[in-house]
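Notes for the one structure printed next.
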Amino acid sequence: MICMKIKRLTEKTINRIAAGEVIERPLSVIKELVENSIDAGAKNIVIEIERGGRNLIIITDDGEGITKDDLLLAIERHATSKLSEDDICNINFHGFRGEALPSIASVSRMKITSRHITKDEAWQIEVLGGEVQNLVPAGLKQGTVVEVRDLFYFTPNRLKFLKSESSEISVCTDLINRFALCHANISFKFISDGRVVLNYKPNQTDLSGEDTRVGDILGADFLKNSVKVSFSRDYLSFKGYTSLPTYSRKTSVNYLTYVNRRIIRDKFFIGAVKAAYNGLIPHDRYPMIALFLEIDPYEVDVNVHPTKAEVRFKDENFIRGTLISEIRKAIAQASAPQASGEINPSKLYHPQINLLPPRPIVQSSLNINRFVDERPQAKTFSNNFNREVSTSQIHDSITDSFRSVNFEVVENKSVEKAEESSSSSDSFPLGFAKCQINNTFIISESKDGFIIVDQHAAHERLVLEKMKKAMQENRVKSQPLLVPEVVEVGAAMAEKILEFSLSLRKFGIVIERNGLSQILVREVPYLLGKLDIRGFIFDLADNISEYNTITNLDEKLDEICGNIACHSSIRAGRKLSVEEMNAILREMENTPFSSQCNHGRPTFRKLTLKELHNMFERT
1 MICMKIKRLT
11 EKTINRIAAG
21 EVIERPLSVI
31 KELVENSIDA
41 GAKNIVIEIE
51 RGGRNLIIIT
61 DDGEGITKDD
71 LLLAIERHAT
81 SKLSEDDICN
91 INFHGFRGEA
101 LPSIASVSRM
111 KITSRHITKD
121 EAWQIEVLGG
131 EVQNLVPAGL
141 KQGTVVEVRD
151 LFYFTPNRLK
161 FLKSESSEIS
171 VCTDLINRFA
181 LCHANISFKF
191 ISDGRVVLNY
201 KPNQTDLSGE
211 DTRVGDILGA
221 DFLKNSVKVS
231 FSRDYLSFKG
241 YTSLPTYSRK
251 TSVNYLTYVN
261 RRIIRDKFFI
271 GAVKAAYNGL
281 IPHDRYPMIA
291 LFLEIDPYEV
301 DVNVHPTKAE
311 VRFKDENFIR
321 GTLISEIRKA
331 IAQASAPQAS
341 GEINPSKLYH
351 PQINLLPPRP
361 IVQSSLNINR
371 FVDERPQAKT
381 FSNNFNREVS
391 TSQIHDSITD
401 SFRSVNFEVV
411 ENKSVEKAEE
421 SSSSSDSFPL
431 GFAKCQINNT
441 FIISESKDGF
451 IIVDQHAAHE
461 RLVLEKMKKA
471 MQENRVKSQP
481 LLVPEVVEVG
491 AAMAEKILEF
501 SLSLRKFGIV
511 IERNGLSQIL
521 VREVPYLLGK
531 LDIRGFIFDL
541 ADNISEYNTI
551 TNLDEKLDEI
561 CGNIACHSSI
571 RAGRKLSVEE
581 MNAILREMEN
591 TPFSSQCNHG
601 RPTFRKLTLK
611 ELHNMFERT
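The opening residue of the sequence shown carries number 1 in full-length UniProt numbering; numbering runs sequentially from there.
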């Protein structure tokens with residue numbers, strides 16, 4: 001057996017090991033140096049790289065600068081001007097550990113040139129592999145220039161783990177965008193191999209330039225499809241933009257979150273934002289969000305991650321609950337029918353594009369079920385529309401479904417009278433139903449245009465919101481099935497599902513074991529009417545497989561309710577009477593989030609008279 005003696009490592013070796021925690025790639029160097037520039041009060045920051053940062057990284061700023069004596073201290077580990085020994089919890093700067101410069105210097109050839117704001121001359125220090133080569137006077141007006149050459153020159157194995165030049169440039173671009181987003185009063189310029197990649201001009205204040213900088217970085221389309229969110233109370237405040245449910249992405253890469261202006265990529269925020277959008281977007285989709293959170297430094301620990309990318313809050317439950325509540329509130333306000341669902345005419349019509357082949361106008365194949373009043377009409381239109389509708393044939397098959405979710409179906413009343421009595425009111429922004437196209441879309445006329453409603457998507461949202469409200473008020477009633485439904489799920493999954501039987505009772509589903517591998521469903525929610533029980537049980541099994549614990553399942557009740565609503569709502573292809581269509585419209589006007597279905601798709605689109613005139617070039 002070999003006896004290995006314990007020995008002290010040299011300072012050079014210690015620094016190179018420590019650098020492995022802080023400096024992973026060129027991105028890490030840029031992050032640390034730009035944070036130093038921001039802490040120094042810089043108003044203009046220029047970042048230059050060559051070959052993706054492998055050969056050269058230069059950060060130039062016009063900040064406070066560093067004195068001659070401090071230049072020597074700056075490259076020593078744990079030497080910093082940003083932290084007091086008496087108050088380690090009160091951290092108000094980006095950098096505070098005193099590790100960045102010595103870590104970078106230990107794995108590269110580094111030069112620092114700086115002139116302090118109170119001094120008449122600048123100084124330059126050169127460091128090679130962590131060892132000081134010289135300290136000499138230099139020429140510089142004000143600020144600091146840090147030049148890093150041959151990154152990982154002294155640790156060549158690290159070079160093998162770097163990605164392609166284009167990949168490194170891409171992640172550096174994303175990082176600088178993130179810095180620029182929360183520091184709108186600072187100018188950022190990014191140059192790669194002599195080409196200007198980014199160039200953001202400073203704004204006078206963060207508030208006045210907020211919209212401009214957000215639009216520059218995230219795009220004008222994001223601003224059009226997002227809502228502002230803000231909150232302020234006691235030690236916590238936040239503001240930002242979050243996308244509408246109909247504007248989502250495949251990954252959470254577009255979660256731009258900041259704590260005290262520090263770039264944070266934490267699962268805490270991913271979970272909170274995802275929870276806020278439960279039931280509003282599909283499970284595999286993510287919203288876009290730019291969130292700026294300000295909190296008392298004593299209420300957050302920023303020293304929990306080597307790269308300071310994560311934080312820990314003292315009261316995580318309060319902050320998480322507040323984020324979810326405020327985001328949902330902002331979305332609900334923006335999802336009101338009066339303010340959403342509009343069509344961009346430019347996407348519908350372009351005179352130089354023939355979207356459909358020409359066809360005889362008299363041979364329309366549209367399945368249109370048009371509802372009109374009994375007043376005399378021009379005979380010209382009588383051959384193009386089927387005006388004779390027998391609602392009695394379809395009324396009985398669907399009225400019970402409407403009643404089961406508390407729709408007030410108008411029976412034996414004239415739609416014409418309803419329109420006349422309400423024509424002078426603005427209380428019905430979705431207007432009144434005129435016809436049904438393809439037994440799928442409701443066409444309604446409003447005061448300033450017409451609306452197209454997807455009947456399945458709309459009804460799905462209405463059912464979901466009613467069920468959620470009933471759950472919150474603990475008044476979900478169940479109804480016994482005349483013949484209990486038996487569902488084969490497998491022995492292991494049957495055992496797991498039964499563990500959550502009490503949770504399922506919260507929304508009116510009563511289950512039992514039936515043999516080794518079967519689930520017996522005895523009762524279902526009364527307000528849902530007919531339910532695809534087998535489909536729901538399989539969806540439930542998938543949810544339990546993914547979340548596995550009762551806590552996570554409770555957090556996903558919205559998603560499970562969405563599955564129930566989807567299986568029990570009116571399908572495309574169902575004929576509706578005009579009374580039933582109007583009942584849907586009225587319910588939508590009084591239901592939160594009714595402008596999108598449970599999967600994030602829009603429930604309706606609106607085309608105004610002004611847009612119609614523009615489409616047909618009428619002045």
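Here a beta-carbon is modelled for each residue, glycine too, at the ideal position from N, C-alpha and C.
Note that the structure is a prediction, hence the values are computed from the model and not measured.
_Contained beta strand (DSSP E) runs [length at least 3] in the region 182-230, N- to C-terminal order_ = Inside the region 182-230, DSSP marks whole beta strand (DSSP E) runs of 3 or more residues at positions 187-192 and 195-200, from first to last along the chain.
*Can you give me the Cβ contacts of GLU316 inside the same chain, cut-off strictly under 8 Å, excluding the 5 residues immediately before and after it?*
Within the same chain, GLU316 has close Cβ partners PHE268.
*Enumerate, from N- to C-terminal direction, the unbroken alpha helix (DSSP H) stretches of 4 or more residues contained entirely within the region 452-521.*
Within the region 452-521, the complete alpha helix (DSSP H) runs of at least 4 residues fall at 455-472, 491-499 and 501-505.
*Roughly how many whole angstroms lie between the Cα atoms of ASP150 and ALA74?*
20 Å
*Between the Cα of SER167 and those of LEU27, MET581 and ASN439, spot the shortest distance and give me the residue it belongs to.*
LEU27
*With a CB to CB cut of under 8 Å and the five nearest residues on each side skipped, what residues in its chain are close to LYS201?*
Contacts found: SER187.
_Counting beta carbon pairs with one atom in the region 43-54 and one in the region 112-126, are three or more of them shorter than 8 Å?_
no
*Per DSSP, what kind of secondary structure is ASN157 in: helix, strand or coil?*
helix
_Can you look up residue 640 in the DSSP assignment and give me helix, strand or coil?_
The structure shown does not extend to residue 640, since the chain is modelled only from 1 to 619, so the question has no answer here.
*asked:* Only counting the same chain, and skipping five residues up and downstream in sequence, which positions put a Cβ closer than 7 Å to that of LEU504?
replied: For LEU504, where only same-chain residues beyond five positions count, the Cβ hits under 7 Å are ILE511.
*Can you give me the Cβ contacts of residue 645 inside the same chain, cut-off strictly under 6 Å, excluding the 5 residues immediately before and after it?*
Because the chain here runs from 1 to 619, residue 645 falls outside it and cannot be looked at.
*What is the rounded straight-line gap between the Cα of THR322 and the Cα of LEU135?*
52 Å
*asked:* For a quick check, are the C-beta atoms of ALA272 and ILE324 less than 8 Å apart?
replied: yes
*Output the boundary residues of the alpha helix (DSSP H) element that contains ASN36.*
It spans 26-39 - the alpha helix (DSSP H) in which ASN36 sits, taken as one unbroken run.
*asked:* Which of the three DSSP states is assigned to ALA332 in this structure?
replied: helix
*Taking ASN177 as the reference, which of LYS141, LEU223, LEU218 and SER192 has the closest Cα?*
Among LYS141, LEU223, LEU218 and SER192, the Cα nearest to that of ASN177 is on LEU218.
_Backbone CA spacing between GLY600 and GLY449 [nearest angstrom]_ = 24 Å
_Contact defined as beta carbons within less than 8 Å: I believe GLN142 pairs with GLY240. What is the distance between those atoms, to the nearest angstrom?_
That pair is no contact at about 34 Å.
*asked:* Spatial neighbours of VAL259 within its chain, please: C-beta separation below 6 Å, excluding the five flanking residues on both sides.
replied: Answer for VAL259: LEU293 and VAL311, listed in chain order.
*Identify whether ALA572 lies in helix, strand or coil by the three-state DSSP scheme.*
coil
_The alpha helix (DSSP H) that contains residue 623, what's its start and end?_
Absent from the model: residue 623. The displayed extent of the chain is 1 to 619, so no value can be given.
_For MET110, count the other beta carbons within 10 Å of its own beta carbon; 16 or more makes it buried, fewer makes it exposed. Which is it?_
buried
*Confirm, please, whether the CB-CB distance from THR113 to LEU72 is below 8 Å.*
no
*asked:* Can you tell me whether TYR255 is buried or exposed? The criterion is at least 16 other CB atoms within 10 Å of its CB, across all chains shown.
replied: Looking at its Cβ environment, which holds 16 or more other Cβ atoms inside 10 Å, TYR255 is buried.
*Would you mind working out which of ALA470, LYS228, GLN436 and TYR235 sits nearest ASP454, comparing C-alpha positions?*
GLN436
*Name the residue from MET588, ALA138, ILE30 and LEU291 whose alpha carbon lies nearest to the alpha carbon of LYS466.*
Of all alpha-carbon atoms in MET588, ALA138, ILE30 and LEU291, the one lying nearest the alpha-carbon of LYS466 is that of MET588.
*Can you name, in chain order, every residue of its own chain whose Cβ lies under 8 Å from the Cβ of ARG522, other than the five neighbours on each side?*
So the qualifying residues of the chain are PRO480, LEU481, PRO484, VAL510, ILE511 and GLU512.
*Kindly indicate which three-state DSSP category GLY143 falls into: helix, strand or coil?*
strand
*On the DSSP bridge assignment, give the partners of GLU596 in chain order.*
In the sequence as displayed, the identity of residue 596 is Gln instead of Glu. Answer by DSSP bridge pairing, in chain order: PRO602.
*Are THR603 and CYS597 close, meaning C-beta to C-beta below 8 Å?*
Contact flag set, yes.
_Nearest neighbour of SER106, chosen from ILE23, LEU33 and ASP69 [CA to CA]_ = ILE23
*Report the three-state DSSP secondary structure of PHE152 (helix, strand or coil).*
coil
_Assuming contact is defined by CB atoms lying nearer than 8 Å, are LEU464 and ALA583 in contact in what I supplied?_
no
*asked:* Just list the residues that DSSP pairs GLU294 with in beta bridges.
replied: In the DSSP assignment, GLU294 is bridged to SER237.
_Beta-carbon proximity check, VAL524 vs ILE533, cutoff 8 Å_ = At a Cβ-Cβ threshold of 8 Å, VAL524 and ILE533 count as neighbours.
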